[in-house]
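Visitor: Its first residue numbered 14, the sequence shown is counted upward by one per residue in the numbering used here. By construction, the Cβ of each residue, glycine as well, lies at the ideal position given by its N, Cα and C atoms. My questions will all concern the structure given below.
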Amino acid sequence: MDTQKISIETPIEYLKNVGPARAEVFKKELYVYTIADLLQHYPFRYVDRTKFHTISEITTESTYIQLKARLIDKQIIGEKFKKRLVARVQDETGMIELVWFQGIKWIDKILGVGLEYVVFGKPTFFNHKPNIAHPDLELLSEAKKVIASTLQPIYSTTEKLKTFGLDAKGIMRLQQSILQNPGFLMDETLPKEIIEHYKMLGKTEAMKQIHFPADTRLLHRATARLKFEELFAIQLQILFTKSYKATKFKGIVLESLGEYFNTFYQEQLPFQLTNAQKRVLKEIRTDTLSGRQMNRLLQGDVGSGKTVVALMSMLMAIDNGYQACIMAPTEILANQHYNSIIELTKKSNLEIGLLTGSTPKKIRKIYHEKLLNGELNILIGTHALIEDVVQFKNLGMVIIDEQHRFGVHQRSKLWKKNTIPPHVLVMTATPIPRTLAMTLYGDLDVSVIDELPAGRKPILTTHRYESSRLRLLGFLKEEITKGRQIYMVYPLIEESEKLDYLNLIDGFDNISREFPLPQYKVSIVHGKMDAKGKDFEMQRFIRGETQILVATTVIEVGVNVPNASVMVIESAERFGLAQLHQLRGRVGRGAEQSYCILMTGNKLSSEAKTRIETMVKTSDGFEIAEIDMKLRGHGDIQGTQQSGIVDLHLADLSKDQKLLIEARNCVELILSEDPSLSLPKNEKLRLFFKSKSNMGITWDKIS
Ligand code: ADP
Ligand code: MG
Numbered sequence: 014m015d016t017q018k019i020s021i022e023t024p025i026e027y028l029k030n031v032g033p034a035r036a037e038v039f040k041k042e043l044y045v046y047t048i049a050d051l052l053q054h055y056p057f058r059y060v061d062r063t064k065f066h067t068i069s070e071i072t073t074e075s076t077y078i079q080l081k082a083r084l085i086d087k088q089i090i091g092e093k094f095k096k097r098l099v100a101r102v103q104d105e106t107g108m109i110e111l112v113w114f115q116g117i118k119w120i121d122k123i124l125g126v127g128l129e130y131v132v133f134g135k136p137t138f139f140n141h142k143p144n145i146a147h148p149d150l151e152l153l154s155e156a157k158k159v160i161a162s163t164l165q166p167i168y169s170t171t172e173k174l175k176t177f178g179l180d181a182k183g184i185m186r187l188q189q190s191i192l193q194n195p196g197f198l199m200d201e202t203l204p205k206e207i208i209e210h211y212k213m214l215g216k217t218e219a220m221k222q223i224h225f226p227a228d229t230r231l232l233h234r235a236t237a238r239l240k241f242e243e244l245f246a247i248q249l250q251i252l253f254t255k256s257y258k259a260t261k262f263k264g265i266v267l268e269s270l271g272e273y274f275n276t277f278y279q280e281q282l283p284f285q286l287t288n289a290q291k292r293v294l295k296e297i298r299t300d301t302l303s304g305r306q307m308n309r310l311l312q313g314d315v316g317s318g319k320t321v322v323a324l325m326s327m328l329m330a331i332d333n334g335y336q337a338c339i340m341a342p343t344e345i346l347a348n349q350h351y352n353s354i355i356e357l358t359k360k361s362n363l364e365i366g367l368l369t370g371s372t373p374k375k376i377r378k379i380y381h382e383k384l385l386n387g388e389l390n391i392l393i394g395t396h397a398l399i400e401d402v403v404q405f406k407n408l409g410m411v412i413i414d415e416q417h418r419f420g421v422h423q424r425s426k427l428w429k430k431n432t433i434p435p436h437v438l439v440m441t442a443t444p445i446p447r448t449l450a451m452t453l454y455g456d457l458d459v460s461v462i463d464e465l466p467a468g469r470k471p472i473l474t475t476h477r478y479e480s481s482r483l484r485l486l487g488f489l490k491e492e493i494t495k496g497r498q499i500y501m502v503y504p505l506i507e508e509s510e511k512l513d514y515l516n517l518i519d520g521f522d523n524i525s526r527e528f529p530l531p532q533y534k535v536s537i538v539h540g541k542m543d544a545k546g547k548d549f550e551m552q553r554f555i556r557g558e559t560q561i562l563v564a565t566t567v568i569e570v571g572v573n574v575p576n577a578s579v580m581v582i583e584s585a586e587r588f589g590l591a592q593l594h595q596l597r598g599r600v601g602r603g604a605e606q607s608y609c610i611l612m613t614g615n616k617l618s619s620e621a622k623t624r625i626e627t628m629v630k631t632s633d634g635f636e637i638a639e640i641d642m643k644l645r646g647h648g649d650i651q652g653t654q655q656s657g658i659v660d661l662h663l664a665d666l667s668k669d670q671k672l673l674i675e676a677r678n679c680v681e682l683i684l685s686e687d688p689s690l691s692l693p694k695n696e697k698l699r700l701f702f703k704s705k706s707n708m709g710i711t712w713d714k715i716s
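Now the structure itself:
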């Protein structure tokens, strides 16, 4: 490799021993385009090459092992594609076969009977006898000279790559050719102060050590350093954008609390606010006085009382002569918000509108006018709100419910309706772990309602097998006799959609037979019905005309039927934790004792078991979210695909919380001293992130 010409941005085909054909598979299989990308293809494990096993120690549990053994014989057996080279080696404790299916001729030529080798590979058992296919072989006399790195890196690869000679070993050789080049040098990415403060390895050294660690201690230091850097990069991106927005966008100052807020609080509020609700309202109050635009995420479990917080935030705006709106992801939810807000404000003279896809044209026109002249105080609706024809006189407060359904882009479309952007409160009932929130919504300030209104009876959650179905039916009848309503939820997974629908319809038929007309009435709602049909069935259930609602997860988000006190989840093992938690949140909204019954098959995977046990054990959404992230890793959690998390090669938000918090603190410190990163000592940071083409934001646009 010519050191002068190769840099880490060099396309991978120019690396010696790669070339266009291998480069093509690298790109397709591993998204490796440049040398930097290859370096970020970190080992997924290491084997200790200083450790030798004896042949008698090999068990079916053995993974990679290393032996010192003498070759006693070799022969080629079988015909055509069954042809293979079998060599036998032995040490003082026993004998083992080594097998090659490819490159037979060549290997046969170099293997010397009677010579001593270092054999390295993964044993498999055939007819109770161990053998090693395609082992690494090295003459013992040679090996003694070179065993330099004690921990040998193992790289993930693919079948396709292997056919191009890029197995774990092949990739290792390429890494070696880059890293062991005496001229190898990477630019330092982290500020000197941080490296010194934490006594971190420099970038170049860390990169060398993570691929070819001298010992485990250095491996740990290298890993920590590189993880830190990844987390630091994301936090810098988020917090820099945030502080930039804060300086660029002025925020409406909601000077004083007035008539609407005070009257509501003192005379109309039907209950005492919880301490958590009060705290969040104070946080919102502070934001709206600050002169900066509020961008706040309100996390609160289902039933924690976010609606009243939303309403009171809107009243702050209205008291200061502004309008407010709530945007919900579905028509059903928009309707529900509308009804709750109307109910809460029935003693006031506020003008409140509901705008959804099914709002008649005539009413729309009236709204459009009343919005423009300021007569309408609050508009509640769906996506219909962000259509260009919807213009406010002076929008001051935007509430977005169930945020993950709306993109950032849609959010900002609402802002553009004003010269000074309105305050934004995003509400979500999907609790997410703190580290994930810092990363996904790092640009938002986070408020948490972590307390349910007093007097709520905890939902009783139980796990039942098919064998208890008769008893379940009896129980459901009792509850219906007491006047309660019941949800029965069936899974619907895209891959097995057809079968799932059959199960759902089957379930509906069974339930209809068990709960016959006219005494009982059963609704059904699923994704194949049109909006009208769905709404019709939902409304029947909401009005209490039907006692049972058989449904797929379409009812997941936000539906509120306080009289429904039993949630039966069929094939509960097929649901994710977050989903189970959401579904359970549909009950426990009234004064009655509520139940959640998780029906499963008899055979559960250990992960499914953990999910079910977690649900039975706790109803704390944050605890559930932590367990969920541990089970699934952060990559699968909803919304992560759009975030910087895709840039994480090493760091894991479920395990590296401490590092993340340190990284964030460091970034905060740097930005508090130099918000625009214009000090000379921070120039490097600016340049480094600018050069990262895969970062979510383009720095040119901001600067
Ligand atoms: P969510 O956070 O799921 O949107 P809601 O705002 O719909 O919760 O509130 C759930 C129920 O709890 C509503 O019926 C609401 O009126 C009631 N509620 C909210 N806050 C309180 C409180 N502080 N005390 C008693 N009930 C409350
Ligand atoms: Mg709600």
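So, LEU593 versus LEU611, is the Cβ gap smaller than 9 Å?
Guide: Here the question's residue 593 lines up with position 580 in the sequence shown. Here the question's residue 611 lines up with position 598 in the sequence shown. Yes, they are a contact pair.
Visitor: Roughly how far, in whole angstroms, is the beta-carbon of LEU644 from the beta-carbon of LEU596, given that I think they are within contact range, below 8 Å?
Guide: Along the sequence shown, one-based indexing puts residue 644 at 631. Along the sequence shown, one-based indexing puts residue 596 at 583. Not quite, the Cβ-Cβ distance comes to about 17 Å (not below 8 Å), so this is no contact.
Visitor: Shorter than 8 Å, the distance from the beta carbon of MET440 to the closest heavy atom of ligand 2, or not?
Guide: As a first step, residue 440 must be located in the sequence shown, where it is residue number 427. Within the cutoff, so yes.
Visitor: So what does DSSP say about HIS436, is it helix, strand or coil?
Guide: To locate residue 436, count along the sequence shown from 1; it is residue 423. It is a strand residue.
Visitor: Could you give the DSSP three-state label for THR494: helix, strand or coil?
Guide: Position 481 of the sequence shown, counted from the start, is the residue given in the question as residue 494. Note: THR494 maps to helix in three-state DSSP.
Visitor: With DSSP run on the structure shown, which of helix, strand or coil describes PHE177?
Guide: Numbered from its first residue, the sequence shown carries residue 177 at position 164. Reduced to three states, the DSSP call for PHE177 is coil.
Visitor: Helix or strand or just coil, what does DSSP make of LEU367?
Guide: As a first step, residue 367 must be located in the sequence shown, where it is residue number 354. Strand at LEU367.
Visitor: DSSP state of TYR273, grouped into three classes?
Guide: As a position in the sequence shown, residue 273 is number 260, starting the count at 1. The answer is helix: DSSP assigns TYR273 an H, G or I state.
Visitor: What residue range does the beta strand (DSSP E) around THR73 cover?
Guide: Here residue 73 corresponds to residue number 60 of the sequence shown, with the count starting at 1. Counting along the chain, THR73 falls outside any beta strand (DSSP E), and DSSP gives it neither H nor E.
Visitor: Determine contact between the stretch 398-416 and the stretch 323-343, defined as no fewer than three beta-carbon pairs at a distance below 8 Å.
Guide: Segments in contact, yes.
Visitor: Using DSSP's beta-bridge definition, name the partner residues of ARG553.
Guide: Taking the sequence shown and counting its residues from 1, one reaches residue 553 at position 540. DSSP lists no partner for ARG553.
Visitor: Helix, strand or coil for PRO33 per DSSP?
Guide: Within the sequence shown, numbered from 1, the residue matching residue 33 stands at position 20. PRO33 falls in the helix class under three-state DSSP.
Visitor: With DSSP as the reference, please indicate the residues paired to HIS66 in a beta bridge.
Guide: For the purposes of this step, residue 66 is identified with residue 53 of the sequence shown, where counting begins at 1. The partner list for HIS66 (beta bridge, DSSP) reads LEU80.
Visitor: Starting from the N-terminal side, write out each stretch of the beta strand (DSSP E) that is 3 residues or longer and does not extend beyond the stretch 291-326.
Guide: Listed in chain order, the complete beta strand (DSSP E) runs (minimum 3 residues) inside the stretch 291-326 are 308-313.
Visitor: Which residue from LEU485, LEU267, LEU698, VAL680 puts its Cα closest to that of SER256?
Guide: If you number the sequence shown from 1, residue 256 lands on position 243. The shortest Cα separation from SER256 among LEU485, LEU267, LEU698, VAL680 belongs to VAL680.
Visitor: Using C-beta distances below 8 Å, list every residue in its chain close to TYR44, excluding the 5 sequence neighbours before and after it, in chain order.
Guide: On the sequence shown, residue 44 is found 31 positions in, with the first residue counted as 1. Correct list, in chain order: ASP50.
Visitor: In chain order, what residues of the same chain have a beta carbon less than 7 Å from the beta carbon of PHE528, not counting five sequence neighbours either side?
Guide: Counting from one through the sequence shown, the residue named residue 528 turns up at place 515. Same-chain partners within the cutoff: VAL535, ILE561.
Visitor: Would you mind sorting ASN573 into buried or exposed? The rule is 16 or more other CB atoms within 10 Å of its CB.
Guide: Along the sequence shown, read from residue 1 onward, the residue named residue 573 stands at position 560. When all chains shown are included, ASN573 counts as buried.
Visitor: Compute the Euclidean distance between the alpha carbons of ASP149 and VAL99, then round it to the nearest angstrom.
Guide: One-based indexing of the sequence shown puts residue 149 at position 136. One-based indexing of the sequence shown puts residue 99 at position 86. Going from the Cα of ASP149 to the Cα of VAL99 covers about 14 Å.
Visitor: Please report how far the alpha carbon of LEU244 lies from the alpha carbon of SER190, in whole angstroms.
Guide: On the sequence shown, position 231 is the one that residue 244 refers to. On the sequence shown, position 177 is the one that residue 190 refers to. C-alpha separation (whole angstroms): 28 Å.
Visitor: If we ignore side chains and look at the alpha-carbon of each, how far apart do GLN188 and LYS182 end up?
Guide: The residue labelled residue 188 in the question sits at position 175 within the sequence shown. The residue labelled residue 182 in the question sits at position 169 within the sequence shown. So the two alpha carbons sit approximately 10 Å from each other.
Visitor: The beta strand (DSSP E) with ASN409 in it runs from where to where?
Guide: For the purposes of this step, residue 409 is taken as the residue at position 396 of the sequence shown. Note that residue 409 is Gly in the sequence shown here, rather than Asn. 408-414 is the span of the beta strand (DSSP E), which, as asked, contains GLY409.
Visitor: For GLN654, count neighbouring C-beta atoms within 10 Å of its own C-beta (all shown protein chains included) and say buried if the count is 16 or more, exposed if not.
Guide: Within the sequence shown, the letter at position 641 stands for residue 654. A caution first: GLN654 carries a pLDDT of 48, below 50, which makes its placement in the model unreliable, though a value can still be read off. Exposed, by the Cβ-count rule.
Visitor: Comparing the CB of ARG602 with every heavy atom of ligand 1, is any distance shorter than 8 Å?
Guide: For the purposes of this step, residue 602 is taken as the residue at position 589 of the sequence shown. Flag set: Cβ of ARG602 near ligand 1.
Visitor: Tell me the DSSP secondary structure of GLU569 in three-state form.
Guide: Locating residue 569 in the sequence shown gives position 556, where the first residue counts as 1. A caution first: GLU569 carries a pLDDT of 49, below 50, which makes its placement in the model too unreliable to give a value.
Visitor: Does DSSP put TYR380 in a helix, a strand or coil?
Guide: Residue numbering aside, residue 380 sits at position 367 when the sequence shown is read from its first letter. Correct three-state label for TYR380: helix.
Visitor: Please report the residue range of the beta strand (DSSP E) in which ARG477 lies.
Guide: Numbered from its first residue, the sequence shown carries residue 477 at position 464. Per DSSP, ARG477 belongs to the beta strand (DSSP E) from 473-478.
Visitor: If you reduce the DSSP assignment to three classes, tell me which class GLN655 lands in.
Guide: Within the sequence shown, residue 655 is the residue found at index 642, counting from 1. Because GLN655 carries a pLDDT of 48, less than 50, the predicted location of this residue cannot be relied on, and no value is offered for it.
Visitor: Applying the criterion that 16 or more other CB atoms from any shown protein chain within 10 Å of the CB defines a buried residue, is TYR478 buried or exposed?
Guide: What you label residue 478 is simply residue 465 of the sequence shown in a count that begins at 1. So TYR478 counts as exposed.
Visitor: Going by beta-carbon coordinates alone, are GLU172 and LEU153 separated by less than 9 Å?
Guide: Working through the sequence shown from its first residue, we reach residue 172 at position 159. Working through the sequence shown from its first residue, we reach residue 153 at position 140. Against a cut-off of 9 Å, the Cβ pair of LEU153 and GLU172 comes out as no contact.
Visitor: Hey, HIS66 and TYR168 are a contact pair by Cβ (cut 8 Å); roughly how many whole angstroms apart?
Guide: Residue 66 sits at position 53 when you count from the first residue of the sequence shown. Residue 168 sits at position 155 when you count from the first residue of the sequence shown. With a Cβ gap of about 22 Å, HIS66 and TYR168 do not count as contacting.
Visitor: Going by alpha carbons, who is nearest to LEU449 out of LEU661, VAL112, LEU438?
Guide: Counted from its first residue, the sequence shown places residue 449 at position 436. It is LEU661 whose Cα lies nearest to the Cα of LEU449.
Visitor: Starting from GLY107 and walking both ways along the beta strand (DSSP E), at which residues does that stretch end?
Guide: In the sequence shown, residue 107 corresponds to position 94, counting from 1. Element bounds for GLY107: 107-113.
Visitor: Output the distance between the C-alpha atoms of THR627 and ASP641, rounded to the nearest integer angstrom.
Guide: In the sequence shown, the residue the question calls residue 627 occupies position 614. In the sequence shown, the residue the question calls residue 641 occupies position 628. Going from the Cα of THR627 to the Cα of ASP641 covers about 9 Å.
Visitor: Beta carbon of ASP414: closer than 8 Å to some heavy atom of ligand 2?
Guide: The count along the sequence shown starts at 1 and reaches residue 414 at position 401. Because some heavy atom of ligand 2 lies under 8 Å away, the Cβ of ASP414 counts as near it: yes.
Visitor: How many angstroms separate the CA atom of ASP15 from the CA atom of LEU231?
Guide: Working through the sequence shown from its first residue, we reach residue 15 at position 2. Working through the sequence shown from its first residue, we reach residue 231 at position 218. Caution is warranted here: a pLDDT of 45 is assigned to ASP15, below 50, making its placement in the model unreliable, and no coordinate value can be reported.
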